[in-house]
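Engineer: Here's a structure for you.
Here you go:
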């Protein structure tokens, strides 16, 4: 069951080809049990994206094309799942409407002005942050770029543990939000920290801690504005976590 749960989590969080039989027997309502696998999912995604980025930059493409390759690889590997959440969250929050209206806007599949601006801002920040970090030796840069998705997917647990689902009824986020146990939450945070230390050093862990603090503050903000969390705010926090980690590493 545990191995099936890992494959089901990988299948849900990425567009990597996972044979259907490997994820058999896992009901979507039990997907929250796979959250401790999130740091490992981040390791896989980050490692692949970092490899693509360095292959481009080290073969003559330059740091900016390599940075674009990294951001594009992350988007393709995840199918834009978290970027969609970021856009919907921006559309809702920056509409400055009542809570119910904001949640309705977030559910609308159409991209609004605020969502578009949020995507542009996020993607540009990632590209320029990766380009700025490209002065590091290739191996160090590989580690940094691999760690960002690990940290983003570790931090999102803070929007699940003891949080309230903002919508009436059920949705994609309701399978995670408010269901995390103290043990699963601790395992997720510990797993992310161990991977960051194993790959990098204590500076990476400090950057991760700073990211966790900001994301925890973001959870409070979402609660204040929306009355809880949604699947969209989970996606937004993953994207924010990646960007914050990269920015902190610039100013380390």
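Residue numbers (full-length UniProt numbering): 1 to 252. Where is the CB? At the ideal position from N, CA and C, for every residue including glycine.
(1) Which residue wins for smallest C-alpha separation from residue 74, given the options 123, 97 and 88?
(2) Given a cut-off of 7 Å on the beta-carbon distance, is the pair residue 59 and residue 66 in contact?
(3) Judging by CA-CA distance, which residue of 149, 160, 221 and 234 is the nearest neighbour of residue 204?
(4) Could you give the distance in angstroms between the alpha-carbon of residue 108 and the alpha-carbon of residue 175?
(5) Identify whether residue 229 lies in helix, strand or coil by the three-state DSSP scheme.
(6) To which residues does DSSP link residue 165 through a beta bridge?
(7) Between 7, 2, 83 and 48, which lies nearest to residue 241 when the distance is taken from Cα to Cα?
(8) Under three-state DSSP, which class holds residue 177?
(9) Quick one: Cα of residue 10 to Cα of residue 48, how far?
(10) Would residue 237 and residue 36 qualify as a contact pair, given that the criterion is a beta-carbon distance under 7 Å?
Structural biologist: Quick look at the numbers:
(1) Residue 123 is the option with its Cα nearest to residue 74.
(2) Result no, Cβ atoms of residue 59 and residue 66 do not sit closer than 7 Å.
(3) 149
(4) 20 Å
(5) Here residue 229 sits in strand by DSSP.
(6) 229
(7) 83
(8) coil
(9) 14 Å
(10) no
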